[in-house]
Amino acid sequence: MDLTNNTVLISGGSAGIGFEIARLLTEKGNHVIITGRDQQRLSAAAAKLNNVTAIAVDVTKEDEIDQLVKQLGTDFPELNILINNAGAAHYYDLIAGGRSWEKADEEMNTNYIAIIRLTEKLLPALQRQKASAIVNVSSIAALAPNLKIATYSASKAALHSYTQSLRLALQDSTVKVFELMPPLVNTDFSASIGGKENGISPVEVAEDLLKAFDDETYEIHVGQTAAIFELTKVSPLAALNAMNAR
Numbered sequence: 020m021d022l023t024n025n026t027v028l029i030s031g032g033s034a035g036i037g038f039e040i041a042r043l044l045t046e047k048g049n050h051v052i053i054t055g056r057d058q059q060r061l062s063a064a065a066a067k068l069n070n071v072t073a074i075a076v077d078v079t080k081e082d083e084i085d086q087l088v089k090q091l092g093t094d095f096p097e098l099n100i101l102i103n104n105a106g107a108a109h110y111y112d113l114i115a116g117g118r119s120w121e122k123a124d125e126e127m128n129t130n131y132i133a134i135i136r137l138t139e140k141l142l143p144a145l146q147r148q149k150a151s152a153i154v155n156v157s158s159i160a161a162l163a164p165n166l167k168i169a170t171y172s173a174s175k176a177a178l179h180s181y182t183q184s185l186r187l188a189l190q191d192s193t194v195k196v197f198e199l200m201p202p203l204v205n206t207d208f209s210a211s212i213g214g215k216e217n218g219i220s221p222v223e224v225a226e227d228l229l230k231a232f233d234d235e236t237y238e239i240h241v242g243q244t245a246a247i248f249e250l251t252k253v254s255p256l257a258a259l260n261a262m263n264a265r
């Protein structure tokens, strides 16, 4: 897919992976719309980029998504790439009595339900374009869960399954469906689970996504995710143990 002169929506685009994707795409001459809940962070991110529009929106709130979709239809009818990057994660002991269902509720709503809702509401607009794409940012944990992010892993596994089904549903259309599967990344988002010490650069993740567009690689295994993916084909148990090695 040609990565110039597109109009791109990136949820969670004010920092981390989303920001780096936005930066690379604007450098290629695309117009990028970044969203997030914090207007101050969005404005700060937008000030560092060219050809960008920042819109404050909470992807878990349907009324705000409806307003966003309406605004996009009016101001950006040429929108042809949707990158679902916004996410939520909790790092905790699953059996310590920490009301895990509340954490799971937030993670499932942000990482799964909100993506389905936004995608479905924008799909008619994407299908009207000559070439378009949807990118869902999942995780290595979609393939093998990590004990300390158990409900986050479950939400990403659900997203992985949904993405595969969506790709099949759209296989005869102009809409291409990508899944970006990073390992641990050095971002503020992953700081509580060791991202600062052990994560790869978000720039590497963004670069791999752009390369996948060129290569038409629809499931993108970034860094060590590729090794885990290969291991799941040989021994799912070995992959699980590798993800939970102490």
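Going by the working numbering, the letters in the sequence shown line up with residues 20 to 265, in that order. We treat Cβ as the ideally placed atom computed from N, Cα and C, and that holds for glycine.
Less than 7 Å between the C-beta atoms of residue i and residue j, yes or no?
i      : j      : result
Val194 : Leu229 : no
Leu141 : Leu101 : yes
Thr93  : Asn128 : no
Glu39  : Ala225 : yes
His179 : Ser157 : yes
Ala105 : Gly31  : yes
Leu199 : Val154 : yes
Thr45  : Asn70  : yes
Glu126 : Thr170 : yes
Phe232 : His240 : no
Ala34  : Gln58  : no
Gln243 : Pro202 : yes
Ile53  : Ile36  : no
Pro221 : Val196 : no
Asn165 : Ser172 : yes
Lys67  : Tyr110 : no
Thr251 : Ala261 : no
Ala65  : Ala73  : yes
Arg56  : Asp77  : yes
Note the first and the last residue of the continuous beta strand (DSSP E) segment covering residue i.
i      : result
Ile267 : With the chain covering only 20 through 265, there is no way to say anything about residue 267.
Leu68  : No beta strand (DSSP E) holds Leu68; DSSP gives it neither H nor E.
Leu28  : Thr26 to Ser30
Glu238 : Glu238 to His240
Can you tell me whether residue i is helix, strand or coil according to DSSP?
i      : result
Lys195 : strand
Glu97  : coil
Gly55  : strand
Leu87  : helix
Met200 : strand
Ala245 : helix
Glu226 : helix
Val253 : helix
Ala261 : helix
Ala231 : helix
Ala161 : helix
Ala63  : helix
Whole-angstrom Cβ separation of residue i and residue j, contact assumed at under 8 Å?
i      : j      : result
Tyr131 : Ala163 : Actually they are not in contact, since the Cβ atoms of Tyr131 and Ala163 sit about 18 Å apart, beyond 8 Å.
Val51  : Val88  : At roughly 17 Å, the Cβ-Cβ gap does not stay under 8 Å, so Val51 and Val88 are not in contact.
Ile135 : Tyr181 : 6 Å
Can you tell me where the alpha helix (DSSP H) with residue i in it begins and where it stops?
i      : result
Thr182 : Ala169 to Ala188
Whole alpha helix (DSSP H) elements within the stretch 107–158, 4-residue minimum: 119–127 and 133–146
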